[in-house]
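Presented below is the structure to which this report refers.
Residue numbers (the numbering used here): 161 to 424.
Structural data, given as structure tokens:
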């Protein structure tokens with residue numbers, strides 16, 4: 161089964177468009193959790209066990225694991241193993257390099273770690289990311305218009321009266337199918353989101369920027385009009401409380417978002 165189909169299936173089964181970002185930070189771990197990689201694994205396990213019925217995906221940002229060196233890679237492997245096979249696993253590494261290097265990155269993400277999706281940086285061009293798309297059953301999310309303030313430095317520059325992010329979308333949609341290709345579009349960019357959604361009607365959009373970053377969820381859903389989408393929430397869910405009973409708040413926050421993100 162292609163990941164595109166797997167994603168549609170789990171969204172329907174769990175009645176959820178919600179993705180939780182498992183991005184652990186030692187200083188934000190709740191009481192009773194060790195501030196080391198063993199504690200993070202316990203933290204991740206509790207979150208997965210208590211939210212897996214309410215999500216369609218988990219997204220793991222590699223930086224939060226790589227910072228711990230070899231222990232971090234072990235933590236990443238073990239966390240991926242905790243996620244049920246039916247739930248989509250997104251590797252958030254924003255990879256992109258010359259062909260041979262990207263091929264190694266793709267093998268690491270898809271073959272070694274067993275992820276379903278990857279986030280990719282398109283700055284070096286289509287050829288730099290082609291190795292990821294050679295895994296044609298996988299789904300890759302190309303950065304288009306991100307949620308950080310600096311997105312306007314390059315992504316919103318005009319070239320021949322078109323925004324740079326529009327050129328990215330055009331180039332990649334010309335080369336890859338909707339089953340292979342999605343885009344990352346931040347919820348803090350409502351006007352850009354609307355423009356992109358009109359251009360890519362059927363591709364999945366991975367949308368960060370809800371919760372702590374202040375994106376307007378209701379407005380994004382209104383613009384989206386029931387098209388293929390994944391809404392990612394990280395800090396606002398996983399760090400909902402620092403108390404020993406933190407998991408109760410995590411569940412509460414998860415249900416708060418999931419109730420707004422049910423499949424129509």
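Using N, Cα and C, we set each Cβ at its ideal position, and we do this for glycine too.
For this session: Let me know the secondary structure DSSP gives residue 311 once reduced to three states.
Result: The answer is helix: DSSP assigns residue 311 an H, G or I state.
Problem set entry | alpha helix (DSSP H) segments (min. 4 residues) lying fully within the segment 248 to 275 | Complete alpha helix (DSSP H) runs here, min 4: 259 to 266.
Problem set entry | 8 angstroms contact criterion, which residue 333 and residue 341 should meet: CB distance rounded | Contact flag correct, Cβ pair sits at about 7 angstroms.
Problem set entry | Rounded straight-line distance, which links the Cα of residue 315 to that of residue 345 | Residue 315 has its alpha-carbon roughly 11 angstroms from the corresponding atom of residue 345.
Exercise. Mapping DSSP to helix, strand and coil, what is residue 378?
Worked result: In the structure shown, residue 378 falls within a helical segment according to DSSP collapsed to helix, strand and coil.
Exercise. In the DSSP assignment, what residue or residues form a beta bridge with residue 175?
Worked result: Looking at the DSSP assignment, residue 175 forms no beta bridge with any residue, so it has no partner.
For this session: Count the other C-beta atoms from every protein chain shown that fall within 10 angstroms of the C-beta of residue 423, then say buried if there are 16 or more, exposed otherwise.
Result: With a threshold of 16 other beta carbon atoms within 10 Å, residue 423 falls short and is exposed.
Problem set entry | Neighbourhood of residue 224 by C-beta, 6 angstroms cutoff - its chain only, sequence neighbours within 5 removed | Spatial neighbours of residue 224 in its own chain (CB-CB distance under 6 angstroms, excluding positions within 5 residues in sequence) are listed in chain order as 183, 184.
Exercise. Does DSSP classify residue 345 as helix, strand or coil?
Worked result: Here DSSP, grouped into helix, strand and coil, assigns residue 345 to strand.
Exercise. Who pairs with residue 217 in a beta bridge, going by DSSP?
Worked result: When DSSP reads this structure, residue 217 sits in a beta bridge with 179, 248.
Exercise. Looking at residue 249 and residue 232, is the spacing between their C-beta atoms short of 9 angstroms?
Worked result: No, these two residues do not count as a Cβ contact at 9 angstroms.
Problem set entry | residue 294 classed as buried or exposed, judged by whether at least 16 other C-beta atoms fall within 10 angstroms | Its Cβ having fewer than 16 others within 10 Å, residue 294 is exposed.
Exercise. Would you call the CB atoms of residue 242 and residue 216 closer than 9 angstroms?
Worked result: For residue 242 and residue 216, no; Cβs fall outside 9 angstroms.
For this session: Taking all protein chains shown into account, decide if residue 244 is buried (16 or more other Cβ within 10 angstroms of its Cβ) or exposed.
Result: Around the beta carbon of residue 244, fewer than 16 other beta carbons lie within 10 angstroms, which makes this residue exposed.
Problem set entry | Nonlocal neighbours in the same chain, by C-beta distance under 7 angstroms from residue 171, ignoring five residues either side | Closer than 7 angstroms at the Cβ level, and outside the excluded window around residue 171, lie 177, 216, 423.
For this session: Would you tell me roughly how many angstroms separate the C-alpha atoms of residue 335 and residue 208, rounded to the nearest one?
Result: The alpha-carbon atoms of residue 335 and residue 208 are separated by roughly 35 angstroms.
Exercise. Name the DSSP bridge partner or partners of residue 365?
Worked result: In DSSP, residue 365 forms a bridge with 343, 389.
Problem set entry | CA nearest to the CA of residue 211, picked from 387, 179, 349 | In this structure, 179 is the residue among 387, 179, 349 with its C-alpha nearest to the C-alpha of residue 211.
For this session: Rank 226, 220, 402 by C-alpha distance to the C-alpha of residue 252 and give the top, closest one.
Result: Ranking 226, 220, 402 by CA distance to the CA of residue 252 puts 220 first.
Problem set entry | C-alpha distance - residue 289 paired with residue 279, whole-angstrom precision | Residue 289 and residue 279 have their alpha carbons spaced roughly 10 angstroms apart.
Exercise. Got a sec? Which residues, its chain only, sit under 6 angstroms from residue 411 by beta carbon, not counting five neighbours each side?
Worked result: Same-chain partners within the cutoff: 210.
Exercise. What do you reckon, are the CB atoms on residue 347 and residue 312 nearer than 9 angstroms?
Worked result: No, these two residues do not count as a Cβ contact at 9 angstroms.
For this session: With residue 301 as the anchor, note down where its beta strand (DSSP E) starts and where it stops.
Result: Looking at the DSSP string, the run of the beta strand (DSSP E) that includes residue 301 is 299 to 305.
Exercise. Among the residues of its own chain, which have a CB less than 6 angstroms from the CB of residue 246, if the five just before and after it don't count?
Worked result: Excluding sequence neighbours, residue 246 sits near 170.
Exercise. If you drop the 5 nearest sequence neighbours on each side, which residues of the same chain put their C-beta closer than 6 angstroms to that of residue 214?
Worked result: Contacts found: 176, 414, 418.
Problem set entry | Beta-bridge partners of residue 278, as assigned by DSSP | Looking at the DSSP assignment, residue 278 forms a beta bridge with 251, 300.
For this session: For residue 370, write down the residues that DSSP places opposite it in a beta bridge.
Result: In the DSSP output, where bridge partners are listed per residue, residue 370 has 375.
For this session: Using only alpha-carbon positions, find the residue among 199, 174, 409, 364 that is nearest to residue 387.
Result: Checking every option, the nearest Cα to that of residue 387 belongs to 364.
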